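Inspection log for the structure reproduced underneath, given as structure tokens.
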Amino acid sequence: MLGTTPSSRKKRGWFNFVGDMYKQLYGTLTEEDADKFSTQISELHSSNYKVLSIIKEQIYAVKSNVELYNNTFFNINKEKILLNENFGKIENQLKNMNELIMDIELEQLVEQQIILFNLMISQVLFEVDLLGEIVTAAQGGVIHASVLTPKDILEQLKKIENDIPKHQRLPVPLDIIGAHTLLSIADVVCIYKNKTLIFLIRIPLIDNYEFTLYNLIPLPVSGNNDPLHMYINPKMDYLAISKDYENYISYRTEELNKCRQTPNYKLCAGGQAIYNRHERTVCEVKLLLEPVEIPKTCHVRHITLVENIFHKLKFKNAWIYSVSRENIILDCEEAKASMKINLTGTGIISIREDCRIFTSDSDLIPIKHLSTNRNIDIVPWSKIPKTLFNIKNYTKLEDLKLEKSRENSVI
């Protein structure tokens, strides 16, 4: 296992014809790095140590348990020698035996040869299949369990914990579950050089910044049944904001997709700028601070709502809707008859897994067996007058488990 921080160097090619040839199986690596890691692997292999540490560059080379399979090939060579010895004995027996006498010892030697030969073939086939699985997994950026297990990586993480720079820490707890998670979020590079399969594992470190991520969903709203609707057009798809609302990061969907997902949070690279809300004020942050009027930094648009809007929440069987007037039909498996319901305005509607909602132009179908992760829907409070924003509340649809939208709220 090797860990390092990438630096700015020339781009690598598929093959290096100047020095020793190497092939990139997965990931991105420079030729200079490939030579450096190959040298470190050779140094580790020739020493009696299991771990080679270069603190200055935060690099650790670890001998993998896969070297144990070399013993298997050593045993095969021993059996090959024994096989040759037995063939020599058989040859001597054939020279000395009488044509009319069947030598029992010769039968035993032949039987032993067949057993040894079958054993050797089985061992070779197993090792070849295992090597093929390791290479196939490596081409997909996955480290085969025979090369590095979560238990192995946990053992090494405990050894390097004290060498982690100040104000940084590992993104996972030091337990077996954390080791499993780390293997799924680490950046893996695999190369083949000098008859050695080298895995480079870049372990991400995190700082003390922790943000809450919001998916910004604009909703058209109107007042006094006015056909003209208005909504605030966000400048970003996602807003990550600190617990004290002092710092924030803006994300586009494509930027957020590059983040690594863990069971409890998203892990994003530190390339995005962190802004202070006092130095760089944006509409989206102000809307979370209970404004009494629409902030001047907000981009307000006006539209005439022609089609109904039903936006499904990702982790719930719930839809945010904005309609002028819509008659929907609720159909549930346990219900004796369908239910007809009138919707107006803007709100949130949720249903059970065994139900469906039919609108005039679409069907709302729930997803069964959703993730158990808890995601909270936030409708920020504001003191903006009702004449500007009016989101309806529906409180009589108990069978629908309708979630109330707050008065004078803006999403």
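Just so we're aligned: 1287 in the working numbering is position 220 of the sequence shown, and the numbers increase by one with no gaps anywhere.
Where is the CB? At the ideal position from N, CA and C, for every residue including glycine.
All figures in this text were calculated on a predicted structure; none of them were measured in a lab.
Return the residue from the list the options that minimises the CA-CA distance to residue i.
i     : options                       : result
T1329 : H1247, P1301 and C1365        : H1247
I1148 : Q1175, M1187 and I1376        : M1187
S1389 : M1303, T1426 and L1197        : T1426
N1343 : T1364, E1313 and K1363        : E1313
N1282 : I1299, E1360 and M1303        : M1303
I1434 : L1380, G1199 and L1397        : L1380
K1233 : L1306, N1275, T1371 and A1385 : N1275
E1322 : Q1339, D1311 and K1310        : Q1339
F1374 : L1241, G1199, A1204 and S1429 : The question names Phe, but residue 1374 in the sequence shown is Glu. Residue S1429 is the option with its Cα nearest to E1374.
T1348 : K1225, L1306 and G1207        : L1306
Q1206 : L1356, K1225, V1256 and I1220 : V1256
K1225 : K1333, V1239, I1361 and S1289 : V1239
R1392 : A1385, T1411, W1386 and N1384 : T1411
C1326 : V1288, L1280, S1213 and E1178 : L1280
G1337 : F1278, E1194 and D1311        : F1278
Hey, quick one: how far does the alpha helix (DSSP H) through residue i stretch, first residue to last?
i     : result
I1432 : From DSSP, I1432 is part of no alpha helix (DSSP H); its letter is neither H nor E.
I1220 : P1217 to I1227
K1353 : C1350 to K1353
Could you tell me whether the Cβ of residue i comes closer than 8 Å to any Cβ of chain D?
i     : result
G1414 : No chain D is part of this structure, which consists of one protein chain only.
For residue i and residue j, what's the separation of their Cα atoms in angstroms?
i     : j     : result
E1401 : I1432 : 16 Å
I1376 : C1335 : 32 Å
F1382 : E1420 : 13 Å
V1359 : H1345 : 18 Å
I1395 : I1424 : 7 Å
G1414 : T1320 : 24 Å
M1297 : H1369 : 4 Å
D1398 : M1406 : 7 Å
Y1332 : F1184 : 54 Å
V1214 : L1197 : 10 Å
S1417 : G1199 : 49 Å
I1182 : Q1175 : 11 Å
S1289 : V1367 : 13 Å
Short check: CB of residue i to CB of residue j, under 8 Å?
i     : j     : result
I1273 : I1265 : no
I1308 : V1352 : yes
L1237 : I1244 : no
C1365 : I1316 : no
I1270 : A1253 : yes
I1201 : L1250 : no
T1371 : L1286 : no
L1241 : L1221 : yes
Tell me where the beta strand (DSSP E) around residue i begins and ends.
i     : result
E1393 : A1385 to C1399
C1422 : C1422 to F1425
V1367 : V1367 to T1371
G1414 : M1406 to S1417
I1376 : I1376 to K1379
Should residue i be counted as a contact of the ligand FAD given a C-beta to heavy atom distance under 7 Å?
i     : result
I1432 : Among the ligands in the structure shown, none appear at all, so the ligand FAD cannot be discussed.
key: Segments assigned beta strand (DSSP E), at least 3 residues, entirely inside the stretch 1240-1327   = 1254-1260, 1263-1269, 1278-1282, 1295-1299, 1305-1309 and 1314-1318
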